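Following: one structure in structure tokens, then a few remarks.
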Amino acid sequence: MIPDETTNQNANDQPTAVRSPAPQVLDRSARPAARSGMGHAVQVRGLNAYYGQLHSIKAVDLDCPANEVTALIGPSGSGKSTVIRCINRMHEEIPGARAEGSVKLDDLDVYDDDIDVTAVRRLVGMVFQKPNPFPTMSIFDNVAAGLRLTGTKSDNLRELVHRSLRGVGLWDEVKDRLNTPGIGLSGGQQQRLCIARTVAVEPEVILMDEPASALDPISTLKIEELIDELKERYTIVIVTHNMQQAARIADSTVFMLDGEVIEHGPTGEIFTNPKDERTERYVSGKFG
Amino acid sequence: MKETRHQYREALKELERKTLAGLDLVIGQLDRALESVSYQDVELAGMVVADDDRIDGRYLEVHQEILSLLARQAPVAGDLRIVAALLHTIRCVERMGDQCVNIAKLVPLSGYEAPKDKDILDTIERMGRLARWQVSQAKDAFATRSVELAQDLVRQDADINRLNREIFKRAVEVGDDPDAREWAMFMILVARCLERVGDNTVDIAEQTVFVVTGLFREFADTTAPATTPPETATTP
Amino acid sequence: MTISGLPAISARRRRTDQLVRGSLLAGFVLALIPLVLVIYYLIYKGISTWSWKFFSTDPNGNFLGYPGGIRSALLGSIEIVALATLISIPIGIGVALYLVEYGKDSPFASFVRYLTDVQTGVPSIVFGLFVYIVLVEAKVGGTGFAAWKGAVALALLMFPVASRSAEVVLLLVPASLREAALALGAPRWRVVVRVVLPTARSGLVTGSLLAVARGMGETAPLLFTTAGAFALTFNLNGQMNAMPLQIYNDILSPRTEVVNRAWGTALVLVALILILNLIARAVSRRSTA
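Chains as they are written, first to last, in our numbering: chain E, 288 to 575; chain R, 528 to 763; chain D, 190 to 478.
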């Protein structure tokens, strides 16, 4: 249990309590519950990431407020995908890649020495660019996969799966064929299935790496609508190369260039009156 | 290789050019309206009224192109502020054109004889030159994105407002001749139209500052008597 | 005849086309001829020996009379190959899993890969000799020639085939699936067991069946390790009969009935391998459907 800590620590406060050994800290029942309006913020400080010798993320600081959508925009190679992969520590799965710095979920630094990486990933879910449901599993099994793969015992698995499918707006379309293969769905449905799979594990934060870029416009809008609903229960960080999408759905927007954060502010401001010349040029499409 | 969004950028520049050219049209109308007042030239006044169609047409054209640009190109940041400012400005152009028409319409009403009071006429002419100068400066301020020129317009507008009050005062003291008094009344209305033209140029100046800084500040209202310097103050 | 402006195919191009088609067809027929001849000859020579007695009696060593069937050879082959499969397939898939999931491009993994590649090329007789020296000569397990030692030799042969094909199939599993499973918080071993293996399952089965088919037909390793026997036996620690051994024995016999039996056995062997290949193909087609 975490001694001496209030549950509504602001992201900017430094924790004053002594941190107990990792396995206890990641006891899910000890984590502050995400009541509405009191979700989980992500705070990144001094993040540096490397691919072998290449220094790709340079001293990045980031604040993703709870229950909000934060979008990362920037040209290709600016490091936006790398940053979110550092938040759930997927970056280090690449051979030769490493990251250092601090990434805090409320008070918990995921880069602490004694943290179990798989536990971090249960708290921080991820949705990928290309929908990737497990081909050998049915729709039901796909949604339940997160729980089964992490060895999480669940009393009412069926209820949880149904709830997740309802939560992503897929229930009506698949309720009669939960046992058919997950890959039998259309692209947009598959992506929503992947989101249901992520949500079933009940994470605190959901990372999305260009979740709609492989989808047609209508499916894209459905996903955006879903993101708007999801942010009531989760904190969402989304990478997108579609600026209009960031403009539509993000509460705050971060502009990155060459591995650095150039500007970070409310989306309305970034798109009407950005402070940095480079941000202005990028959002106006003046980048040659 | 061309810059990205080349077509968009060209369209935006063209839009600005058209809008600012509208200000040139206004200057032309203003010149002729003032001339018709000075010389009681009813025919010239009639031309001013007819030519307002051109300004109206320009307004509709720019308005339509702005809508099209917003829908198709989704301008953001600085570009978005420019488009918003252009929309505002072309409305000012249209209003200024209407003021010129109002001036021109007063000419036949004010009688076919020569103007009566030299002082009033001089002041009107001075107001006219000032208004003309302000329109021209507003155009320069916007085109060069100059905050200094924009803020200077506020100062000049103070002058126009002062002259407006002078004419009112003169008109009140113009004397007993009923024809002269009637003519003076009409001159008050002309002065008011010119003062409105001045206000519109201040609007354009505010838009210029908005484009540059992203902040919208209404320049202090300088028409209130209490704010004028002591030497020109009048006791109402 | 032209279609509004497009030029017609020149006669020279037509001729070239026909020439190339012709030569490809000729090559194809040429390559097929030996195969067709072999199968035809096998059937022609061997089918007459097939009978119920053929499959239900053991070869007897008699000089006169019915020489016996091939029951002990058939069952012996199945026993030995089954044991070899039990040894080689799990190890083969295990090595492939290590190479793909954990070793990846490390120097050690590259070394293992290289050794496996070399092993696919080693002649089968070398494996036989190796097991002969290490297991038979040394009388490991108490006996000289033994069926299980033959299985070991076959396993050495089958392992690299199984491993290489498994590696190919495992590499075909999209990285995005592993990523998805990892991102859900699964430990790596669960990712392998619950996601990678099930996804690769049909490919792994196909590869294993092909390795088995290969093992079934090898003679040399068995010669030096199992040596053969006439009687049906289920004792893996002793000599056992196998179809290739049976053929080897029979083909040089002066008795025509025995020589015919060799043809019959060869036909059985080829038929079995054919069936295994068909099953492998059916499995792989069903999974991609």
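Here a beta-carbon is modelled for each residue, glycine too, at the ideal position from N, C-alpha and C. Note that the coordinates shown come from a computational prediction; the quantities given were computed from them, not determined experimentally.
Distance cutoff 9 Å, beta carbons only. Does Ser368 (chain D) sit that close to anything in chain E? Counting from 1 along the third sequence, the entry for residue 368 (chain D) is found at position 179. In the sequence as displayed, the identity of residue 368 (chain D) is Glu instead of Ser. Output row for Glu368 (chain D): interface = yes.
Three-way DSSP call (helix, strand, coil) for Met495 (chain E) in this model: Your numbering for residue 495 (chain E) matches position 208 in the first sequence. In the structure shown, Met495 (chain E) falls within a strand segment according to DSSP collapsed to helix, strand and coil.
If you scan the segment 451-537 of chain E from start to end, which runs of the beta strand (DSSP E) of 3 or more residues do you find wholly inside it? Residue ranges of uninterrupted beta strand (DSSP E) with 3 or more members, entirely inside the segment 451-537 of chain E and ordered along the chain, are 492-496, 522-526.
CB contact check: Ala612 (chain R) to chain E, cutoff 9 Å: Along the second sequence, one-based indexing puts residue 612 (chain R) at 85. Answer no: the Cβ-Cβ gap between Ala612 (chain R) and chain E never drops below 9 Å.
Thr740 (chain R) to Ile647 (chain R) span [Cα, whole Å]: Along the second sequence, one-based indexing puts residue 740 (chain R) at 213. Along the second sequence, one-based indexing puts residue 647 (chain R) at 120. If you take the alpha carbons of Thr740 (chain R) and Ile647 (chain R), they lie about 41 Å apart.
For the segment 552-563 of chain E, which residues have a beta carbon sitting closer than 7 Å to at least one beta carbon of chain R? Answer in chain order: Phe558, Thr559, Asn560, Pro561.
By the 10 Å Cβ neighbour count, where 16 or more other Cβ atoms means buried, how is His533 (chain R) classified, buried or exposed? Residue mapping note: residue 533 (chain R) aligns to position 6 of the second sequence, counting from 1. That one is exposed.
Beta strand (DSSP E) runs wholly inside the segment 332-412 of chain E, at least 3 long, in chain order: Counting only runs of 3 or more residues that sit fully inside the segment 332-412 of chain E, the beta strand (DSSP E) segments are 341-351, 356-360, 384-392, in chain order.
Please determine, among D:Ile276, D:Val270, D:Arg260, D:Lys234, the residue with the shortest C-alpha to C-alpha distance to Ile440 (chain D). As a first step, residue 440 (chain D) must be located in the third sequence, where it is residue number 251. Closest option to Ile440 (chain D), judged by alpha-carbon separation, among D:Ile276, D:Val270, D:Arg260, D:Lys234: D:Lys234.
Interface flag, Thr531 (chain R) vs chain E, CB-CB below 9 Å: Counted from its first residue, the second sequence places residue 531 (chain R) at position 4. It does; some Cβ of chain E falls within 9 Å.
Near Leu359 (chain D), what residues of its chain come up, given a Cβ to Cβ distance below 6 Å and the 5 sequence neighbours on each side ignored? In the third sequence, the residue the question calls residue 359 (chain D) occupies position 170. When the five nearest sequence neighbours on each side are left out, the beta carbons in the same chain lying within less than 6 Å of the beta carbon of Leu359 (chain D) are those of Ala285, Val289, Ala389, in order along the chain.
Can you check whether the C-beta of Gln476 (chain E) is within less than 9 Å of a C-beta belonging to chain R? As a position in the first sequence, residue 476 (chain E) is number 189, starting the count at 1. By this cut-off, Gln476 (chain E) is not an interface position.
Output the distance between the C-alpha atoms of Ser441 (chain E) and Leu461 (chain D), rounded to the nearest integer angstrom. Here residue 441 (chain E) refers to the residue found at position 154 of the first sequence. Here residue 461 (chain D) refers to the residue found at position 272 of the third sequence. Approximately 48 Å between the Cα atoms of the pair.
Name, please, each residue of chain D whose Cβ falls closer than 7 Å to the Cβ of Asn375 (chain E). Residue mapping note: residue 375 (chain E) aligns to position 88 of the first sequence, counting from 1. Going along chain D in sequence order, the residues near Asn375 (chain E) (Cβ under 7 Å) are Ala372.
For the alpha helix (DSSP H) containing Val218 (chain D), name the first residue and the last one. For the purposes of this step, residue 218 (chain D) is taken as residue 29 along the third sequence, with counting starting at 1. Per DSSP, Val218 (chain D) belongs to the alpha helix (DSSP H) from 200-235.
Terminal residues of the alpha helix (DSSP H) in which Leu346 (chain D) lies: For the purposes of this step, residue 346 (chain D) is taken as the residue at position 157 of the third sequence. Element bounds for Leu346 (chain D): 336-361.
Three-way DSSP call (helix, strand, coil) for Glu446 (chain E) in this model: The count along the first sequence starts at 1 and reaches residue 446 (chain E) at position 159. The three-state reading of DSSP puts Glu446 (chain E) in helix, counting H, G and I together.
Under 9 Å, Cβ to Cβ, is there at least one residue of chain R near Gln531 (chain E)? Residue mapping note: residue 531 (chain E) aligns to position 244 of the first sequence, counting from 1. At least one chain R Cβ lies under 9 Å of Gln531 (chain E).
With DSSP run on the structure shown, which of helix, strand or coil describes Thr439 (chain E)? Within the first sequence, the letter at position 152 stands for residue 439 (chain E). Of the three classes helix, strand and coil, the one that applies to Thr439 (chain E) here is coil, per DSSP.
Taking 9 Å as the CB-CB limit, is Leu587 (chain R) close to chain E? For the purposes of this step, residue 587 (chain R) is identified with residue 60 of the second sequence, where counting begins at 1. No, because no Cβ of chain E sits closer than 9 Å to the Cβ of Leu587 (chain R).
Applying the criterion that 16 or more other CB atoms from any shown protein chain within 10 Å of the CB defines a buried residue, is Thr671 (chain R) buried or exposed? Here the question's residue 671 (chain R) lines up with position 144 in the second sequence. Looking at its Cβ environment, which holds fewer than 16 other Cβ atoms inside 10 Å, Thr671 (chain R) is exposed.
Could you tell me whether any Cβ in chain R is nearer than 9 Å to the Cβ of Thr566 (chain E)? Stepping through the first sequence from its first residue, residue 566 (chain E) is reached at position 279. Cβ-Cβ to chain R under 9 Å: yes for Thr566 (chain E).
Spell out the partners DSSP gives Gln567 (chain R) in its beta bridges. Within the second sequence, numbered from 1, the residue matching residue 567 (chain R) stands at position 40. DSSP, once it has assigned bridges, lists no residue as partnering Gln567 (chain R).
Going by C-alpha distance, which of R:Asp551, R:Val717, R:Glu733, R:Arg608 is nearest Leu561 (chain R)? To locate residue 561 (chain R), count along the second sequence from 1; it is residue 34. Residue R:Val717 is the option with its Cα nearest to Leu561 (chain R).
Looking at chain D, which residues of the segment 427-452 of chain E have a Cβ within less than 8 Å of any of its Cβ atoms? Flagged, chain order: Ala432, Gly433, Arg435, Leu436, Thr437, Gly438.
Quick check on Asp439 (chain D) - is its C-beta less than 9 Å from some C-beta in chain E? Counting from 1 along the third sequence, the entry for residue 439 (chain D) is found at position 250. It does not: the Cβ of Asp439 (chain D) has no partner Cβ on chain E nearer than 9 Å.
Inside the segment 659-730 of chain R only - alpha helix (DSSP H) runs reaching at least 4 residues: If one requires a minimum length of 4 residues, the alpha helix (DSSP H) runs lying completely within the segment 659-730 of chain R are 674-699, in chain order.
Taking the beta strand (DSSP E) that Pro553 (chain E) belongs to, which residues open and close that run? In the first sequence, the residue the question calls residue 553 (chain E) occupies position 266. Looking at the DSSP string, the run of the beta strand (DSSP E) that includes Pro553 (chain E) is 547-553.
Would Leu607 (chain R) count as contacting chain E if we go by Cβ distances under 9 Å? The count along the second sequence starts at 1 and reaches residue 607 (chain R) at position 80. Taking Cβ atoms only, chain E reaches closer than 9 Å to Leu607 (chain R), which makes this a yes.
Neighbourhood of Ile470 (chain E) by C-beta, 8 Å cutoff - its chain only, sequence neighbours within 5 removed: The count along the first sequence starts at 1 and reaches residue 470 (chain E) at position 183. Cβ within range, chain order: Pro420, Pro422, Gln477.
Name the one or two DSSP bridge partners that Gln308 (chain D) has. The residue labelled residue 308 (chain D) in the question sits at position 119 within the third sequence. Answer by DSSP bridge pairing: none, since Gln308 (chain D) is not bridged.
Can you pull the DSSP bridge partners for Gly168 (chain D)? The shown model of chain D, from 190 to 478, leaves out residue 168 (chain D), and the question about it has no answer.
Quick one: which unbroken alpha helix (DSSP H) runs of 4-plus residues sit fully inside the segment 571-620 of chain R? Chain order, please. The qualifying runs do not exist here; there are none.
If Val699 (chain R) and Ala732 (chain R) are in contact, beta carbons under 8 Å, what's the gap, nearest whole angstrom? For the purposes of this step, residue 699 (chain R) is taken as residue 172 along the second sequence, with counting starting at 1. For the purposes of this step, residue 732 (chain R) is taken as residue 205 along the second sequence, with counting starting at 1. Going by Cβ atoms, the distance from Val699 (chain R) to Ala732 (chain R) rounds to 32 Å, so no, they are not a contact pair.
Under 9 Å, do Leu657 (chain R) and Leu690 (chain R) count as touching if we go by C-beta distance? As a working mapping, residue 657 (chain R) is identified with position 130 in the second sequence. As a working mapping, residue 690 (chain R) is identified with position 163 in the second sequence. Contact: yes.
Compute the Euclidean distance between the alpha carbons of Val341 (chain D) and Leu411 (chain D), then round it to the nearest angstrom. Here residue 341 (chain D) is taken as the residue at index 152 of the third sequence, counted from 1. Here residue 411 (chain D) is taken as the residue at index 222 of the third sequence, counted from 1. Taking the straight line joining both Cα atoms gives about 10 Å.
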